[in-house]
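Let me begin by presenting the structure, written as C-alpha cells, before commenting on it.
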Amino acid sequence: MCPLCGAPVTVRGFLGQGKPFCTQCGWNLQRAESSLSANSRAPQVVAAAFAIMALALLWMVSNAHGEKNLVAVFPILVIFALVGGITYWNYLSTKSAIAQAKASPSLQGVQAQPIPDAFLQRIQSLSRPRRVRFGFPGAPLAAVVFGFAMLCGAPFFATGRVGPPAGPRDATPFPYFVLIGPIGFVVLILGIVIVPALVKEKRNRPLFQDGEVAAARVLAQRTVRQGKTSYSQIDYEFRTSGGQTIRNSERDLSRKVFEDMLIPVFYDPVNPSRCAALCASYSKLPDAEG
Ligand SMILES: [Zn+2]
Numbered sequence: 086m087c088p089l090c091g092a093p094v095t096v097r098g099f100l101g102q103g104k105p106f107c108t109q110c111g112w113n114l115q116r117a118e119s120s121l122s123a124n125s126r127a128p129q130v131v132a133a134a135f136a137i138m139a140l141a142l143l144w145m146v147s148n149a150h151g152e153k154n155l156v157a158v159f160p161i162l163v164i165f166a167l168v169g170g171i172t173y174w175n176y177l178s179t180k181s182a183i184a185q186a187k188a189s190p191s192l193q194g195v196q197a198q199p200i201p202d203a204f205l206q207r208i209q210s211l212s213r214p215r216r217v218r219f220g221f222p223g224a225p226l227a228a229v230v231f232g233f234a235m236l237c238g239a240p241f242f243a244t245g246r247v248g249p250p251a252g253p254r255d256a257t258p259f260p261y262f263v264l265i266g267p268i269g270f271v272v273l274i275l276g277i278v279i280v281p282a283l284v285k286e287k288r289n290r291p292l293f294q295d296g297e298v299a300a301a302r303v304l305a306q307r308t309v310r311q312g313k314t315s316y317s318q319i320d321y322e323f324r325t326s327g328g329q330t331i332r333n334s335e336r337d338l339s340r341k342v343f344e345d346m347l348i349p350v351f352y353d354p355v356n357p358s359r360c361a362a363l364c365a366s367y368s369k370l371p372d373a374e375g
C-alpha cells in the first residue's frame with residue numbers, strides 16, 4: 086500500500102533491488118527510477134550469462150552424443166531461457182511503468198503526509214506492558230542446513246583425514262575429531278551472527294515492553310551489499326512527546342520498509358536516543374499482529 090495516498094502498490098523489482106512506487110500519486114517514483122538505472126546492467130548480465138550457458142550446453146551435448154540427447158537437455162534449456170528472460174522482462178516492464186507514471190502530468194508534485202496503517206494504529210493502542218515474543222525466523226532453516234551439513238560432512242571428513250586403515254577395519258575407532266570442522270563452523274556462526282543479535286534483542290526488550298511508541302517517518306532506504314548477501318538499511322526520524330526530533334539508522338529485517346512510510350519506533354522517554362524500530366528487531370508484538 087502506498088504510504089502517501091493509500092492506493093495499492095504492486096511489488097516489483099528484479100534481483101531484490103527494486104523499490105516500490107505508486108502510479109497514483111507518484112510516491113517514490115524518482116527514487117525507484119534512479120535505483121533502477123543504477124542497477125540497469127545486472128539484468129542484462131544475467132540474461133547474457135544464461136544465454137551463454139544455454140549455448141554452451143547445446144554445443145557440448147550435440148558434440149558428444151548426437152541429436153538423440155538434445156531431447157533430454159531441452160527442459161534445462163527452457164529453464165535457462167525462462168530465468169534469463171523473466172529477469173530481463175521484469176526490468177523492462179518496471180522501466181516502462183515508471184516512464185508511464187512520469188508521463189501523466191496530474192501526478193507530479195503531490196506532497197502529502199504519510200497515512201498511518203492499521204498495524205501502526207494497533208501498536209499505538211496497546212496497553213503497557215506490551216507482550217513481546219521473540220522469533221528467530223531463520224532458526225528452523227539453519228537447523229535443517231546444519232543437520233544436512235553434518236550428514237554430508239562427517240563421511241567426507243572421515244574418509245579424507247583418516248586415510249587407509251592401518252589395522253583391521255573393524256578395529257578403527259570412530260574418528261571423533263572429524264566433528265571438529267562442523268562444530269567449529271557452528272561456533273563461528275554463533276559468535277558472529279546469533280550472539281550479537283541476541284544481545285541486541287535483550288537490550289531492546291524493555292523498550293518494546295514499556296517504552297514510548299512513536300510513528301517514525303522513513304527518510305531513506307538503501308540495499309547494502311556485503312559480499313554475497315545484502316541487507317536493507319533505513320534512516321528514520323520521529324518526534325518525541327516532548328517535541329524532540331530524533332534520527333536513527335537501523336537494518337530493516339522485514340525488507341518491506343521504504344521511504345515515507347510510517348513505522349513503529351519505541352524509545353526511552355528519559356533518553357529518547359535510546360530507540361529501536363520494530364522492523365529492525367526479531368521481537369514481535371503478538372497482540373498487534375493482524
Ligand atoms: Zn500513492
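Residue numbers for the sequence shown follow this note's numbering, beginning at 86 and rising by one.
Heads up, the beta-carbon is just placed ideally off N, CA and C, and yes, glycines get one too.
Computed from a predicted model, the values in this text were never measured in an experiment.
What's the C-alpha gap between residue i and residue j?
i, j, result
"Ile279", "Ile200", "35 Å"
"Pro88", "Leu347", "7 Å"
"Tyr261", "Leu236", "14 Å"
"Arg324", "Gly103", "29 Å"
"Ser125", "Gln109", "24 Å"
"Ala123", "Val229", "37 Å"
"Arg302", "Glu335", "13 Å"
"Trp144", "Met138", "10 Å"
"Thr172", "Ala166", "10 Å"
"Val284", "Leu275", "12 Å"
"Ala305", "Ala184", "22 Å"
"Pro371", "Arg216", "7 Å"
"Thr179", "Ala134", "21 Å"
"Lys369", "Ile319", "19 Å"
"Ser317", "Ile277", "19 Å"
"Ile268", "Ala227", "14 Å"
"Gly174", "Ile208", "It is Trp, not Gly, that sits at residue 174 in the sequence shown. One C-alpha to the other measures close to 39 Å."
"Val272", "Leu292", "30 Å"
"Pro93", "Phe351", "28 Å"
"Cys364", "Ala157", "47 Å"
"Pro354", "Val163", "59 Å"
"Leu121", "Phe233", "38 Å"
"Tyr321", "Asp345", "9 Å"
"Gln198", "Thr308", "25 Å"
In this structure, what does DSSP give as the bridge partners for residue i?
i, result
"Asp337", "Ser317"
"Gln306", "Ile319"
"Lys369", "Arg218"
"Cys360", "Tyr352"
"Gln311", "Thr314"
"Ile331", "Phe323"
"Leu347", "Arg302"
If you count every other CB in all the chains shown that lies within 10 Å of the CB of residue i, and 16 or more means buried, which is it?
i, result
"Ala361", "buried"
"Tyr314", "Per the sequence presented here, residue 314 reads as Thr, with Tyr not at that position. So Thr314 counts as exposed."
"Asn289", "buried"
"Gly252", "Note on Gly252: pLDDT 49, under 50, position unreliable in the model; the coordinate value appears next. Label assigned to Gly252: exposed."
"Ala373", "buried"
"Asp337", "buried"
"Pro349", "buried"
"Phe106", "buried"
"Gly169", "buried"
"Asn356", "exposed"
"Phe259", "exposed"
"Ala141", "exposed"
"Val298", "buried"
"Asn113", "buried"
"Gly296", "buried"
"Phe343", "buried"
"Pro128", "buried"
>> Any residue with its C-beta under 6 Å from a non-hydrogen atom of ligand 2 counts. Can you list them all in chain order?
In response: Because ligand 2 does not appear in the structure shown, any question about it cannot be addressed here, the ligands present being ligand 1.
> Fully enclosed by the region 278 to 307, which alpha helix (DSSP H) runs are 4 residues long or longer?
Replying inline: 280 to 295
> Enumerated in chain order, which unbroken segments of the alpha helix (DSSP H) with a length of 4 residues or greater are wholly contained in the region 105 to 148?
Replying inline: 114 to 123
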